[in-house]
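Since the structure comes first, as structure tokens, the remarks are kept for the end.
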Amino acid sequence: GAVVSQHPSRVICKSGTSVKIECRSLDFQATTMFWYRQFPKQSLMLMATSNEGSKATYEQGVEKDKFLINHASLTLSTLTVTSAHPEDSSFYICSASGTTNEKLFFGSGTQLSVL
Amino acid sequence: LAKTTQPISMDSYEGQEVNITCSHNNIATNDYITWYQQFPSQGPRFIIQGYKTKVTNEVASLFIPADRKSSTLSLPRVSLSDTAVYYCLVGAFSGGYNKLIFGAGTRLAVHP
């Protein structure tokens, strides 16, 4: 099946630094990618939808200047958490779909810990 | 977007069949029903997908009644490794993919 690779799997950073998370579709072209965050014992919360070559669409309550999303190619989307603070600590998950895929494929997730 | 409702948690024992039902009363004509499994600190993993009637693969079966307002994921002979959270999602496909909103999911615990 299709594979979505997400890196890094875990990152620890100091408060105020920026962190970039990459999401790659390895064997298909992902026209649309989604970014979710998940707190312990809770469900996935959709943060934003990114389409290749256009600006991301953010869900209500998600700060677009805080969570920068770039989807410059059909195989790569990045999420940058700018000026991270402890409250940004969470599990971030990307997913991707292509024009012919009938299902969504998920990355393995990134555990962000901000000290 | 169709909202889904599932039991918050379920318990079972090894070797039993587990059925998890999901309600999606507002499902649209173009919506498919997809189930995902998630282990702690991992991304969701695709289990099965269907539109109507019954679908079966190597790991599960999906039963969808004619009105499509609910669906049931059936896991035959569960093992301890099936302990996970199971999510039911509905969404449409047509080139541009409609975003999927996750519900609370069902936390399945399989006991020895």
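Protein chains in written order, with this note's numbering: chain A, 26 to 140; chain B, 56 to 167.
The beta-carbon is built from N, C-alpha and C at its ideal position, and this holds for glycine as well.
Please read all numbers here as calculations on a predicted model, not as lab measurements.
Proximal residues of chain A, C-beta to C-beta of residue i below 7 Å
{"i": "B:PHE157", "result": "SER68, LEU69"}
{"i": "B:PHE118", "result": "Residues of chain A passing the Cβ test: none, with the nearest at roughly 19 Å."}
Where residue i meets chain B, residues with beta-carbon distance less than 9 Å
{"i": "A:GLY132", "result": "GLY98"}
Backbone CA spacing between residue i and residue j [nearest angstrom]
{"i": "B:GLY150", "j": "B:THR84", "result": "Note that B:GLY150 scores 49 on pLDDT, short of 50, meaning its location in the model is unreliable and no value can be drawn from it."}
{"i": "A:SER102", "j": "B:LEU128", "result": "32 Å"}
{"i": "B:ASP122", "j": "B:THR161", "result": "23 Å"}
{"i": "A:THR135", "j": "B:TYR142", "result": "20 Å"}
{"i": "A:SER34", "j": "A:LEU137", "result": "9 Å"}
{"i": "B:GLU69", "j": "B:SER134", "result": "5 Å"}
{"i": "A:GLU77", "j": "B:GLN93", "result": "27 Å"}
{"i": "B:LYS107", "j": "B:PHE118", "result": "8 Å"}
{"i": "A:ASP52", "j": "A:SER30", "result": "10 Å"}
{"i": "B:PRO167", "j": "B:ASP137", "result": "12 Å"}
{"i": "A:ASN95", "j": "B:THR89", "result": "27 Å"}
{"i": "B:VAL110", "j": "B:ASN81", "result": "21 Å"}
{"i": "A:GLN67", "j": "A:SER79", "result": "30 Å"}
{"i": "B:LEU155", "j": "A:LEU69", "result": "10 Å"}
{"i": "A:SER40", "j": "B:VAL114", "result": "43 Å"}
Cβ pair residue i, residue j closer than 7 Å
{"i": "B:THR76", "j": "B:GLY158", "result": "no"}
{"i": "A:MET72", "j": "A:ALA121", "result": "no"}
{"i": "B:ALA139", "j": "B:ASP66", "result": "no"}
{"i": "A:PHE130", "j": "A:ILE118", "result": "no"}
{"i": "A:VAL87", "j": "A:ALA109", "result": "no"}
{"i": "A:THR104", "j": "A:ILE46", "result": "Reading off the sequence shown, one finds Leu at residue 104 of chain A, where the question assumed Thr. Yes, these two residues count as a Cβ contact at 7 Å."}
{"i": "A:ARG62", "j": "A:SER114", "result": "no"}
{"i": "A:VAL91", "j": "B:GLN104", "result": "Before going further, note that residue 91 of chain A is Lys rather than Val in the sequence given. Their beta carbons are not under 7 Å apart, which means A:LYS91 does not touch B:GLN104 by this criterion."}
{"i": "A:LEU93", "j": "A:GLN54", "result": "no"}
{"i": "A:SER43", "j": "A:THR107", "result": "yes"}
{"i": "B:PRO131", "j": "B:GLU72", "result": "yes"}
{"i": "B:PRO99", "j": "B:TYR87", "result": "no"}
{"i": "B:SER78", "j": "B:SER125", "result": "yes"}
Contact list for residue i against chain B, beta-carbon separation under 7 Å
{"i": "A:ILE118", "result": "GLY98"}
Residue i: contacting residues in chain A (beta-carbon distance under 8 Å)
{"i": "B:THR89", "result": "LYS128, LEU129"}
Interface residues of chain B facing residue i [CB-CB closer than 8 Å]
{"i": "A:GLN136", "result": "SER96"}
Contact with chain D by residue i, beta-carbon distance below 7 Å
{"i": "B:GLN92", "result": "You won't find chain D in this structure, because its protein chains are A and B."}
Near the ligand ATP: residue i beta-carbon under 6 Å from a heavy atom
{"i": "A:THR56", "result": "By its list of ligands, the structure shown contains no ligand whatsoever, and the ligand ATP lies outside what it can speak to."}
Interface residues of chain A facing residue i [CB-CB closer than 9 Å]
{"i": "B:GLY105", "result": "None at all; the shortest Cβ gap to chain A is about 11 Å."}
Positions along the region 50-66 of chain A whose CB lies within less than 8 Å of some CB in chain B: THR56, THR57, PHE59, TYR61
Every unbroken beta strand (DSSP E) within the region 70-98 of chain B, with a cutoff of 3 residues, ordered by chain: 73-78, 86-93
Residue ranges of each beta strand (DSSP E) within the region 57-106 of chain A, 3 or longer: 57-63, 70-76, 92-98, 101-106
Residues of the region 58-92 of chain B with Cβ closer than 9 Å to any Cβ of chain A, in chain order: TYR87, THR89, TYR91
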